[in-house]
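Q:
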Amino acid sequence: MKTVFLAFGTIFLAELGDKTQLAVLAMKSKGYSGLEIFLGTMLAFALITGIAVLFGAWLNEKIPGAVMQKTASVVFVLIGILMWFEKM
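Using numbering that gives the first Met the number 0, you'd call the opening residue of the sequence shown number 0 and step up by one each time.
#1: Return the CA-CA distance between Phe7 and Thr48, expressed in angstroms with no decimal places.
#2: Can you give the Cα-Cα distance for Ile80 and Ile50, rounded to whole angstroms?
#3: Using the C-alpha atoms, what's the distance from Lys18 back to Ala65?
#4: Does DSSP classify Ala49 as helix, strand or coil?
#5: If you follow the alpha helix (DSSP H) that Met0 is part of, which residue opens it and which one closes it?
#6: Reducing DSSP to helix, strand and coil, say where Leu15 ends up.
#7: Output yes or no for whether 9 Å exceeds the beta carbon distance between Ile78 and Met67.
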């Protein structure tokens, strides 16, 4: 369950106020069904997350986990710096 909570918290915080939420808001404001928007959005997230899990499993066989974790950390920090200086 620790991994479930970690994944939930990480994704929940990362997705706050992103373009997906704005797209959903725009769709709802045009009168589309909230339930249908929700179901379509969840299906899209499930598919893209499944692809990421499969790719991550494949990548894990090729690259040690510690290297992937450090690389991801550096990439996230760089993205944060670029966003801070409004370059992204």
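For each residue, glycine too, the CB sits at the ideal point set by N, CA and C.
A: Reading from the atomic positions:
#1: 12 Å
#2: 28 Å
#3: 31 Å
#4: Correcting the residue type first, residue 49 is Gly in the shown sequence and not Ala. Correct three-state label for Gly49: helix.
#5: Taken as a continuous stretch (DSSP letters only), Met0 belongs to no alpha helix (DSSP H), as it is neither H nor E.
#6: coil
#7: no
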